[in-house]
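Q:
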Amino acid sequence: MLERQELYKRKAGEEITGQMYAFTDQEGVEVTLRPEMTPTLARMVLGRASSTMLPLKWFSIPQCWRFETTQRGRKREHYQWNMDIIGCKSVSAETELLFAVCEFFKSIGITSADVGIKVNSRKVMASVLDSYGITAEKFAPVCVVMDKLDKIGPDAVKEELEQTHGVSAEIASKIIACLACKTVDELQGLCGEGVDQAGIEELKRLFTLAEDYGYGDWLIFDASVVRGLAYYTGIVFEGFDRAGELRAICGGGRYDRLLSLYGSVTEVPACGFGFGDCVLVELLKDKGLMPDLPKAIEFVVAAFNDDMQGKAMKTAALIRDGGADVDMLLEPKKKVANTFDYANRVGARYIVFVAPSEWENDMVRIKDLRADYTEHDDEKQLDVKISDLGRVREILAAHQATVAAKNSMGALAV
Ligand code: HAM
9 MLERQELYKR KAGEEITGQM YAFTDQEGVE VTLRPEMTPT LARMVLGRAS STMLPLKWFS
69 IPQCWRFETT QRGRKREHYQ WNMDIIGCKS VSAETELLFA VCEFFKSIGI TSADVGIKVN
129 SRKVMASVLD SYGITAEKFA PVCVVMDKLD KIGPDAVKEE LEQTHGVSAE IASKIIACLA
189 CKTVDELQGL CGEGVDQAGI EELKRLFTLA EDYGYGDWLI FDASVVRGLA YYTGIVFEGF
249 DRAGELRAIC GGGRYDRLLS LYGSVTEVPA CGFGFGDCVL VELLKDKGLM PDLPKAIEFV
309 VAAFNDDMQG KAMKTAALIR DGGADVDMLL EPKKKVANTF DYANRVGARY IVFVAPSEWE
369 NDMVRIKDLR ADYTEHDDEK QLDVKISDLG RVREILAAHQ ATVAAKNSMG ALAV
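Start counting the sequence shown at 9; every next residue gets the next number (our numbering).
Dropping the structure here:
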């Protein structure tokens, strides 16, 4: 989680470099908590260049830190799911990554009516801006400004382009007009000859492949998406909520020159995305889709007194061996009611009482706290042999089935 600061210093005026939790370590090295994962991945790939089979498909879920103004969906630390494909030039790689994003959304109940993914191409935008006299070296810093369109609005973007990057008022207006394009054809029509044809073909192919893959309805073209990180070189994309309430849900794109920046002698094509946990949680809350995750404890094991603690621990080990979740009560409670309270608080279904009277007969007593198959207290508990504890779930299930059957027969007879 600690990286050298220099890994992020790309001099394009990116927000991320000003948001680092940076400090100097005891050997005088300037380090930072990692604000993102992509440079770390690039460094890892370079370090293992000879042993890495390409294309490499890599995922990780790192914790990242950014000194941002906290707001809904943006915090100073977050977990970010990353997926990247290194070593593939073709737009098939982006298509594959976007499929993963859409499948993930679907798996948690989010549909293409809730969320869309805006797609654009930096290659195309670079050619458009080049035709307006904005050189390749100025392109990345200009993208950083254009990326703020949503946040600060067109007038402020225009002003920053003019004042910080010396763009004329006329060109700044043209750039803003381009950013408003909502189809590839519209952009082509507006910018004519200036548009990079290979970039346009890539975009069109991505949309076609996404249709073939079955998730075309999630994608829309949006020329205003350029992304705020300087290293992107081709297709870029951002997930957004269609209700327009939240910040970007996820984002990524192609970064074919990042590995060269870190010293690779040959250009290594790469693309990927980052997907944080914070906006997703807001989205799930808004849609009422936040899962109610049950507490996973099945058994609380409770010793009758301190003398029985070792035997209770043995019991816990035997039940765990059978694969069940067990919480060991660390200090025996004086009153049984307190043990019940404890078991309820941790959400356990069963209490396993380890007491001398049953232990003498090689048994432990198991109480079911959520028995819905009987109203008789004596049927809500079962003495189980110590040697059978490894298959205690099976034994309890069989007992419950027998009791339920007996009770339903009884009800019929009445
Ligand atoms: P990013 O757009 O800076 O890209 O961040 C990606 C995602 O991380 C955002 O869309 C959001 O879900 C989440 N995120 C970022 N900052 C915060 C924050 N302060 N609080 C909560 N969530 C946040 C990148 O980081 C690129 N490295 C992604 C990438 C991977 N590109 C290629 N591969």
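Cβ atoms here follow ideal geometry from the backbone N, Cα and C, with glycine treated the same way.
Using only alpha-carbon positions, find the residue among L292, E306 and F307 that is nearest to D300.
A: For this step, residue 300 is matched to residue 292 along the sequence shown. Checked all of L292, E306 and F307; the closest Cα to D300 is L292.
Q: Under three-state DSSP, which class holds E145?
A: As a working note, residue 145 is residue 137 in the sequence shown. DSSP places E145 in helix when its eight states are reduced to three.
Q: Tell me, please, whether the CB atom of A345 is closer than 8 Å to any CB atom in chain B?
A: Of the protein chains in the structure, only one exists, and it is not chain B.
Q: Does the Cβ of G124 lie closer than 7 Å to at least one heavy atom of the ligand HAM?
A: As a working mapping, residue 124 is identified with position 116 in the sequence shown. Flag unset: Cβ of G124 not near the ligand HAM.
Q: Kindly list the residues whose CB is nearer than 8 Å to the CB of T410, restricted to its own chain and excluding five residues on each side of it in sequence; keep chain order.
A: Position 402 of the sequence shown, counting from 1, holds the residue named residue 410. Within the same chain, T410 has no close Cβ partners at all.
Q: Excluding the 5 residues preceding and the 5 following D335 in the sequence, name in chain order all residues of the same chain whose CB lies nearer than 6 Å to its CB.
A: For the purposes of this step, residue 335 is identified with residue 327 of the sequence shown, where counting begins at 1. These residues qualify, in order along the chain: I305, V308 and V354.
Q: Is any heavy atom in the ligand HAM found nearer than 7 Å to the beta carbon of K83?
A: To locate residue 83, count along the sequence shown from 1; it is residue 75. Yes, the Cβ of K83 comes within 7 Å of a heavy atom of the ligand HAM.
Q: Once DSSP output is grouped into helix, strand and coil, what is the label at H384?
A: By 1-based counting over the sequence shown, the position of residue 384 is 376. Here H384 sits in coil by DSSP.
Q: Under 8 Å, with one C-beta from each stretch per pair, do the region 173-188 and the region 263-275 reach the 3-pair mark?
A: With a cut-off of 8 Å, the region 263-275 and the region 173-188 do not count as touching, because too few Cβ pairs lie within range.
Q: By alpha-carbon positions, which one of D163, Q171 and L288 ends up nearest to F248?
A: The residue you call residue 248 lines up with position 240 of the sequence shown. Checked all of D163, Q171 and L288; the closest Cα to F248 is L288.
Q: So is G418 buried or exposed if we call it buried at 16+ other beta carbons inside 10 Å?
A: For the purposes of this step, residue 418 is taken as the residue at position 410 of the sequence shown. Result: exposed.
Q: For Y16, which option in R74, E402 and E35 has the closest C-alpha, if you only look at C-alpha atoms?
A: Here residue 16 corresponds to residue number 8 of the sequence shown, with the count starting at 1. Comparing Cα-Cα distances from Y16 to each of R74, E402 and E35, the minimum goes to R74.
Q: With three or more C-beta pairs closer than 8 Å as the rule, is the region 321-334 touching the region 156-167?
A: Touching, no, given that fewer than three Cβ pairs across the two stretches are closer than 8 Å.
Q: Quick one: what's got a C-beta closer than 7 Å to E76's C-beta in the same chain, skipping five residues either side?
A: Within the sequence shown, numbered from 1, the residue matching residue 76 stands at position 68. Here the set comprises Q27, R82 and R84.
Q: Could you give the first and the last residue of the continuous beta strand (DSSP E) run that contains I125?
A: As a working mapping, residue 125 is identified with position 117 in the sequence shown. Segment V123 to S129, the beta strand (DSSP E) holding I125.
Q: Given that a residue counts as buried once 16 or more other Cβ atoms are within 10 Å of its Cβ, and exposed if not, what is D92?
A: As a working mapping, residue 92 is identified with position 84 in the sequence shown. Looking at its Cβ environment, which holds 16 or more other Cβ atoms inside 10 Å, D92 is buried.
Q: What whole-angstrom Cβ distance do V362 and F283 have, given they're in contact under 8 Å?
A: Walking along the sequence shown from the start, residue 362 turns up at place 354. Walking along the sequence shown from the start, residue 283 turns up at place 275. Between F283 and V362 the Cβ distance is about 46 Å, and since that is not below 8 Å, they are no contact.
Q: Below 7 Å, is the gap between the Cβ of D92 and the nearest heavy atom of the ligand HAM?
A: Your numbering for residue 92 matches position 84 in the sequence shown. Yes, the Cβ of D92 comes within 7 Å of a heavy atom of the ligand HAM.
Q: Does the structure place the region 135-145 close enough to the region 194-208 that three or more beta carbon pairs sit under 8 Å?
A: Touching, yes.
Q: Which residues in the same chain have their Cβ closer than 7 Å to the Cβ of E366, if we skip the five residues on either side of it in sequence?
A: As a working mapping, residue 366 is identified with position 358 in the sequence shown. So the list reads V372, R373 and D391, once near-sequence residues are dropped.
Q: Can you check DSSP and say which residues form a bridge with I374?
A: Within the sequence shown, numbered from 1, the residue matching residue 374 stands at position 366. Partner(s): V360 and L390.
Q: Hey, D264 and T241 are a contact pair by Cβ (cut 8 Å); roughly how many whole angstroms apart?
A: Taking the first residue of the sequence shown as position 1, residue 264 is located at position 256. Taking the first residue of the sequence shown as position 1, residue 241 is located at position 233. Their Cβ separation, rounded to whole angstroms, is 5 Å, which keeps D264 and T241 in contact under 8 Å.
Q: To the nearest angstrom, report how far apart D294 and V123 are at their CA atoms.
A: Numbered from its first residue, the sequence shown carries residue 294 at position 286. Numbered from its first residue, the sequence shown carries residue 123 at position 115. Those two C-alpha atoms are separated by around 12 Å.
Q: What is the DSSP secondary structure of A101, counted as helix, strand or coil?
A: The sequence position of residue 101 within the sequence shown is 93, counting from 1. The answer is helix: DSSP assigns A101 an H, G or I state.
Q: With a threshold of 8 Å, are at least 3 pairs of Cβ atoms found where one atom belongs to the region 400-414 and the other to the region 379-389?
A: Counting Cβ pairs under 8 Å, three or more are found: they touch.
Q: Compare the Cα-Cα distances from Y350 to each of P162, D329 and L377 and report the closest residue.
A: For the purposes of this step, residue 350 is taken as the residue at position 342 of the sequence shown. The residue with the shortest Cα to Cα distance from Y350 is L377.
Q: Out of P340, P302, K303 and G330, which has the shortest C-alpha to C-alpha gap to K319?
A: The residue labelled residue 319 in the question sits at position 311 within the sequence shown. Among P340, P302, K303 and G330, the Cα nearest to that of K319 belongs to P340.
Q: Sorry if obvious, but does the Cβ on V344 come closer than 7 Å to a heavy atom of the ligand HAM?
A: As a first step, residue 344 must be located in the sequence shown, where it is residue number 336. It does not: the Cβ of V344 is nowhere closer than 7 Å to a heavy atom of the ligand HAM.
Q: Which of the three DSSP states, helix, strand or coil, is assigned to C189?
A: Position 181 of the sequence shown, counting from 1, holds the residue named residue 189. DSSP places C189 in coil when its eight states are reduced to three.
Q: So P63 and C96 are in contact, right, with Cβ under 8 Å, and what is the actual spacing, rounded?
A: Against the sequence shown, residue 63 aligns to sequence position 55. Against the sequence shown, residue 96 aligns to sequence position 88. Going by Cβ atoms, the distance from P63 to C96 rounds to 4 Å, so yes, they are a contact pair.
Q: In the region 163-240, which residue ranges form an unbroken beta strand (DSSP E) of at least 3 residues, counting only runs that do not cross its ends?
A: Runs found: 227-229.
Q: Check the DSSP bridge columns for R12 and list the partner residues they point to.
A: By 1-based counting over the sequence shown, the position of residue 12 is 4. Partner(s): V39.
Q: Check whether the Cβ of R74 lies closer than 7 Å to any heavy atom of the ligand ATP, and answer yes or no.
A: The model depicted lacks the ligand ATP and carries the ligand HAM instead.
Q: Just to confirm, does G95 get its C-beta within under 7 Å of one of the non-hydrogen atoms of the ligand HAM?
A: If you number the sequence shown from 1, residue 95 lands on position 87. The answer is no for G95.
Q: Below 8 Å on the Cβ atoms is my contact criterion, and I expect L106 with I125 to pass it. Report the Cβ-Cβ distance as a whole number of Å.
A: Within the sequence shown, residue 106 is the residue found at index 98, counting from 1. Within the sequence shown, residue 125 is the residue found at index 117, counting from 1. That pair is a contact at about 6 Å.
Q: Opposite S68 in the DSSP bridges: which residues?
A: Indexing the sequence shown from 1 puts residue 68 at position 60. In the DSSP output, where bridge partners are listed per residue, S68 has N90.
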